[in-house]
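From first to last, the protein sequence lines are chains D and H.
Number 134 in the numbering used here belongs to position 134 of the first sequence; there are no gaps in the numbering.
Number 303 in the numbering used here belongs to position 303 of the second sequence; there are no gaps in the numbering.
Glycine included, every Cβ here is placed at the ideal spot set by N, Cα and C.
A quick write-up on the structure given underneath.
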Amino acid sequence: MVQLRPRASRVPASAMVDEGQPASEEEEAAEHGLLLGQPSSGAAAEPLEEEDGEGDDEFDDEAPEELTFASAQAEAREEERRVRESVRRDKTLLKEKRKRREELFIEQKKRKLLPDNILEKLTTAGQTRIKKSSGKLKEATLQKKKEEYEKGSVSKNAEEKVQKVQSVGQNKSYWALRLKDQDLRDSRQEAAKAFIQNSLYGPGTNRTTINKFLSLENKRLPVKKAAAQFLNSAWGTQKKQNAKRFKRRWMVRKMKTSKK
Amino acid sequence: MGEFKVHRVRFFNYVPSGIRCVAYNNQSNRLAVSRTDGTVEIYNLSANYFQEKFFPGHESRATEALCWAKGQRLFSAGLNGEIIEYDLQALNIKYAVDAFGGPIWSMAISPHGSQLLVGCEDGSVKLFQITLDKIQFERNFDRQKSRILSLSWHPSGTHVAAGSIDYISVFDVKSGSAVHKMLVDRQYMSVSKRKCIIWGVAFLSDGTVISVDSAGKVQFWDSATGTLVKNHLIASADVQSIAVSDQEDSFVVGTAEGTVFHFQLVSVTSNSSEKQWVRTKPFQHHTHDVRAVAHSPTALISGGTDTHLVIRPLMEKVEVKNYDAALRKITFPHRRLISCSKKRQLLLFQFAHHLELWRLGSTVATGKPWKFLVPGKNGDTLPLSKDADHLLHLKTKGPENIICSCISPCGSWIAYSTTSRFFLYRLNYEHDNISLQRVSKMPAFLRSALQILFSEDSTKLFVASNQGSLHVIRLLEGSFKHLHTFQPQSGTVESMCLLAVSPDGNWLAASGTSAGVHVYNIKHLKLHCTVPSYNFPVTALAIAPNTNNLVIAHSDQQVFEYSIPDKQYTEWSRTIQKQGFHYLWLQRDTPITHISFHPKRPMHILLHDAYMFCIIDKSLPLPNDKTLLYNPLPPTNESDVIRRRTAHAFKISKIYKPLLFMDLLDERTLVAVERPLDDIIAQLPPPIKKKKFGT
Numbered sequence: 001m002v003q004l005r006p007r008a009s010r011v012p013a014s015a016m017v018d019e020g021q022p023a024s025e026e027e028e029a030a031e032h033g034l035l036l037g038q039p040s041s042g043a044a045a046e047p048l049e050e051e052d053g054e055g056d057d058e059f060d061d062e063a064p065e066e067l068t069f070a071s072a073q074a075e076a077r078e079e080e081r082r083v084r085e086s087v088r089r090d091k092t093l094l095k096e097k098r099k100r101r102e103e104l105f106i107e108q109k110k111r112k113l114l115p116d117n118i119l120e121k122l123t124t125a126g127q128t129r130i131k132k133s134s135g136k137l138k139e140a141t142l143q144k145k146k147e148e149y150e151k152g153s154v155s156k157n158a159e160e161k162v163q164k165v166q167s168v169g170q171n172k173s174y175w176a177l178r179l180k181d182q183d184l185r186d187s188r189q190e191a192a193k194a195f196i197q198n199s200l201y202g203p204g205t206n207r208t209t210i211n212k213f214l215s216l217e218n219k220r221l222p223v224k225k226a227a228a229q230f231l232n233s234a235w236g237t238q239k240k241q242n243a244k245r246f247k248r249r250w251m252v253r254k255m256k257t258s259k260k
Numbered sequence: 001m002g003e004f005k006v007h008r009v010r011f012f013n014y015v016p017s018g019i020r021c022v023a024y025n026n027q028s029n030r031l032a033v034s035r036t037d038g039t040v041e042i043y044n045l046s047a048n049y050f051q052e053k054f055f056p057g058h059e060s061r062a063t064e065a066l067c068w069a070k071g072q073r074l075f076s077a078g079l080n081g082e083i084i085e086y087d088l089q090a091l092n093i094k095y096a097v098d099a100f101g102g103p104i105w106s107m108a109i110s111p112h113g114s115q116l117l118v119g120c121e122d123g124s125v126k127l128f129q130i131t132l133d134k135i136q137f138e139r140n141f142d143r144q145k146s147r148i149l150s151l152s153w154h155p156s157g158t159h160v161a162a163g164s165i166d167y168i169s170v171f172d173v174k175s176g177s178a179v180h181k182m183l184v185d186r187q188y189m190s191v192s193k194r195k196c197i198i199w200g201v202a203f204l205s206d207g208t209v210i211s212v213d214s215a216g217k218v219q220f221w222d223s224a225t226g227t228l229v230k231n232h233l234i235a236s237a238d239v240q241s242i243a244v245s246d247q248e249d250s251f252v253v254g255t256a257e258g259t260v261f262h263f264q265l266v267s268v269t270s271n272s273s274e275k276q277w278v279r280t281k282p283f284q285h286h287t288h289d290v291r292a293v294a295h296s297p298t299a300l301i302s303g304g305t306d307t308h309l310v311i312r313p314l315m316e317k318v319e320v321k322n323y324d325a326a327l328r329k330i331t332f333p334h335r336r337l338i339s340c341s342k343k344r345q346l347l348l349f350q351f352a353h354h355l356e357l358w359r360l361g362s363t364v365a366t367g368k369p370w371k372f373l374v375p376g377k378n379g380d381t382l383p384l385s386k387d388a389d390h391l392l393h394l395k396t397k398g399p400e401n402i403i404c405s406c407i408s409p410c411g412s413w414i415a416y417s418t419t420s421r422f423f424l425y426r427l428n429y430e431h432d433n434i435s436l437q438r439v440s441k442m443p444a445f446l447r448s449a450l451q452i453l454f455s456e457d458s459t460k461l462f463v464a465s466n467q468g469s470l471h472v473i474r475l476l477e478g479s480f481k482h483l484h485t486f487q488p489q490s491g492t493v494e495s496m497c498l499l500a501v502s503p504d505g506n507w508l509a510a511s512g513t514s515a516g517v518h519v520y521n522i523k524h525l526k527l528h529c530t531v532p533s534y535n536f537p538v539t540a541l542a543i544a545p546n547t548n549n550l551v552i553a554h555s556d557q558q559v560f561e562y563s564i565p566d567k568q569y570t571e572w573s574r575t576i577q578k579q580g581f582h583y584l585w586l587q588r589d590t591p592i593t594h595i596s597f598h599p600k601r602p603m604h605i606l607l608h609d610a611y612m613f614c615i616i617d618k619s620l621p622l623p624n625d626k627t628l629l630y631n632p633l634p635p636t637n638e639s640d641v642i643r644r645r646t647a648h649a650f651k652i653s654k655i656y657k658p659l660l661f662m663d664l665l666d667e668r669t670l671v672a673v674e675r676p677l678d679d680i681i682a683q684l685p686p687p688i689k690k691k692k693f694g695t
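Take a look at the structure:
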């Protein structure tokens, strides 16, 4: 059985099979087996390459080595088995990792959630009646409760923007709001306000400042007057304040020295 | 009259908010006006255009549409997506219904008054059914591509025209589908990149749809065929509002340049029956955008960003050509926004979201005093040795506007109220510093107060709530005790608007919107008497120091004097009612907002409105229609006889105007808070550019 010396090029095994004549079925089978079984062509290329290297050294001098079919087949099977084992090990490792992460998350969630008895009360209260609660709460505490109950809220009506829950605690009454809906509503309101602002005062509208508007008359008088808001009294307020303070202190100092 | 030192105060930085919507109700002749900060005011046009009710604003309630429904119900819709109904008796909000369509841009009530349409941001037109006490969602019309900015019903209720961006759709109400879609040119006969926004539509009964848009065009469309009939280019800026009269023979449009145009249906030649729409009158009463117009049977009403409300009666519709046919411009508030502490010379200014406390300046110089009413003999302007001091800037928490506020005469208590809370603060003065302490745990029934008043000795606080009840609270050192509540009389809810307390602390007078003025005895905590009701609302109340005479000013400029211990009108009041006021006195535009008295001169009553202040001297004879009302004292070289002949009881001075507040601080000092119109205009948003030749 003569195995044609494979070229040194890195053409994949299938191309080599086409070019050179398949010397033997075994070789073909081995190559195909290699192609079919391996997930990565790198593993398949390796054994071939080793043979390549060796083949190049003894290029002109020696006769090609002999390979039986059985040995090649055994080798191929070994390879497959090894690869399968490694894949299985990888999979189990990944599974373990995922399991651990899940457990961690569940634990964290449990820590953040309220104790079970309150959650039970919530579900029963929510199912029996939902009616408005009339108590008043300051804004800050309402926000906090909103965030708390967002995680633990049981029934969420897609249509109802505001879900009012019967009071559960001792003396408290509150409303639970979905913050997601509130953001949507605010963003739409902002968009509407921006539209009005843009269409009335945006680019393309022919607007002018109040100063120019009121000064039009002054410009057409026979004796031209200054603009309506000629002085900018807001200029340099900090400087003026500093100057006033300095002047007061200087006067006091002057009084003291003149007394002496 | 005496000589006074006058503190002229101009540091009250009062800027009203612009008018956004106006709605006229024909049955009761009332006008509902909504402003950009969410306040809704109700003006009674037959009571001399007096603002009789108002709903305080809210930061999130930017109204975009306001409508009256059948049976005196008022609805508004805004950018927060809710439809709100107002309770006109109790002066609060009945309920708010979310339309679930995003921000609401327009609203229209059907001609029968039973259905309500809203146009939303997402392009949907929603139909609601108006039931006895609520509104109920019925169905959606076909959804359009862009936001629905204006809506109008056909008078028969079968079709609806909706103006959007670049097109107008006509819907059939029964099926809810769009029958026609009329595309609007972006610019008059030329190309433009800016989208054409249809700010207003009106549907006439002959099928014509009138549209006004941001390119300055007024267009007439035929809704049966969906085609343009006539095009009028009237402005180079947006035309922002339209209102049609009930008879459909005239309509009014308002532009962004401040001009209001009147269109009328006029026959082509004098005896032909064919009529056409002609632009007849332009009115330039505004400087900024006119965002809302209304058409009453006899007048054109317009309001806009420059905060004036202008009511222009149409000469051809007015029956009697008297002072009623004059232009009315309402600029200044009809309530008092300033309170004064006489002992410490402090002024408390009320803004929408904060309060400011100022101490008046003082002067040690003496100069020639102002001799009032003497022309050519002006007093000196005295230089201030100590400037007016801004002591406190108190911001309110929350989005609601402040309804009313007051400072006690001794200057150590400040109270103010919003719709949901009541705040009471105690002030301590050490040398030149002041410290503020809040009194916590105010009871819930005090919120939404319409008027707050402290007694003269600052031990009692009187609060008039919008439910009609009057609360009396005793103030102790840093805390309070609820003494008594006077419940409304006959079970009807009637909000008490104005309060007055006598300086000796025995009597409290409270006026409601319809019943007469009630006088309560504080010592015995019961109702003493009721002044008979008058058909015009009360604008100012005060009780005189020693005589305990109650002086009442009404919106038709009548002034009554009622003696509380005797339970009847005084002699002077009967005399002047018999003779009648001078015709010029009755023709004044603005209501009297404050009445005060001189401590040493019981015959003098000091009152003021926005453009004049007057000292009524009860000992002098009354003027009849022939005498000159505004007659400053003649110069001293005139003979005594002439002076005695022309002197009459009403001493009017127009030196300080526009006046927001005027009071007597002590025997020789007056304080006058002025607000020049230019200072208000200087803080308004930018107007449209006007091109004038030569500038």
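7 Å Cβ cut-off: residues of chain D touching residue i
i	result
Lys441/H	Correct list: empty, because the minimum Cβ distance to chain D is about 13 Å.
Glu85/H	Neighbours of Glu85/H on chain D: none; closest Cβ ~17 Å, over 7 Å.
Proximal residues to residue i (C-beta, below 7 Å), its chain only, five neighbours per side dropped
i	result
Glu248/H	Leu204, Ser205
Asp625/H	His582, Tyr583
Asp37/H	Ser17, Gly57, Ala352, Asn401
Leu453/H	Cys406, Phe462, Leu499, Val501
Arg336/H	Thr593, His594, Phe661
Pro545/H	Pro503, Phe597, Pro599
Cross-chain neighbours of residue i in chain D, by beta carbon under 8 Å
i	result
Asn80/H	Arg185, Gln189
Arg194/H	Gly204
Pro687/H	Arg207, Thr208, Ile210, Phe213
Residue environment, residue i, which counts as buried when at least 16 other CB atoms sit within 10 Å
i	result
Glu82/H	buried
Phe141/H	buried
Pro565/H	exposed
Thr396/H	buried
Tyr49/H	buried
Tyr416/H	buried
Thr590/H	buried
Val223/D	exposed
Phe105/D	exposed
Met255/D	exposed
Gly254/H	buried
Ile118/D	exposed
Pro203/D	exposed
Chain H contact residues for residue i, given Cβ-Cβ distances below 7 Å
i	result
Leu216/D	Lys690, Lys692, Thr695
Within chain H, partners of residue i - CB distance below 9 Å
i	result
Arg220/D	Lys692, Phe693, Gly694, Thr695
Neighbour list for residue i in chain H, Cβ cutoff strictly below 8 Å
i	result
Gln229/D	Ala682
Integer-rounded CB distance, given that residue j should sit under 8 Å from residue i
i	j	result
Leu670/H	Leu677/H	Not confirmed; about 22 Å, so no contact.
Ile130/H	Ser114/H	6 Å
8 Å Cβ shell around residue i - same chain, five flanking residues per side excluded
i	result
Cys67/H	Ala23, Leu74, Phe75, Ser76, Met107, Ala108, Ile109, Leu116
Glu54/D	Residue placement at Glu54/D cannot be trusted, given a pLDDT of 46 that sits under 50; what the coordinates show is reported in the next sentence. Cβ neighbours of Glu54/D beyond the five flanking positions: none.
Contact test: residue i Cβ vs the ligand MN heavy atom, cutoff 8 Å
i	result
Asp380/H	As for the ligand MN, it is missing from this structure, which has no ligand bound.
Practice prompt. With 8 Å as the limit, tell me which residues of the stretch 180–209 of chain D have their beta carbon closer than that to any beta carbon of chain B; keep them in chain order.
Written response: The structure shown has no chain B; the protein chains it does contain are D and H.
Fill in: Proximal residues, the stretch 87–112 of chain H versus chain D, C-beta separation under 7 Å
The residues in question are Asp98, Gly102, Pro103.
Discussion item. Against chain D, which members of the stretch 674–685 of chain H pass a CB distance test of less than 9 Å?
Written reply: Considering only beta carbons, the part of the stretch 674–685 of chain H lying closer than 9 Å to chain D consists of Asp678, Ile681, Ala682, Gln683, Leu684, Pro685, in chain order.
Worksheet item: Taking a cut of 8 Å between CB atoms, which residues from the stretch 234–250 of chain H lie near chain D?
Response: Those residues of the stretch 234–250 of chain H that come within reach of chain D (Cβ to Cβ, closer than 8 Å) are Ser236, Ala237, Asp238.
Item to complete: Name, going along the chain, the residues of the stretch 194–228 of chain H whose beta-carbon falls closer than 9 Å to a beta-carbon of chain D.
Response: Correct list: Arg194, Lys195, Ile197, Ser214.
Worksheet entry | Residues in the stretch 134–147 of chain H having any Cβ partner in chain D nearer than 7 Å | Answer set for the stretch 134–147 of chain H: empty.
Worksheet item: Got a sec: which bits of the stretch 383–416 of chain H sit with their beta carbon under 7 Å from any beta carbon on chain D, in order along the chain?
Response: So the list is empty, because no residue satisfies the distance condition.
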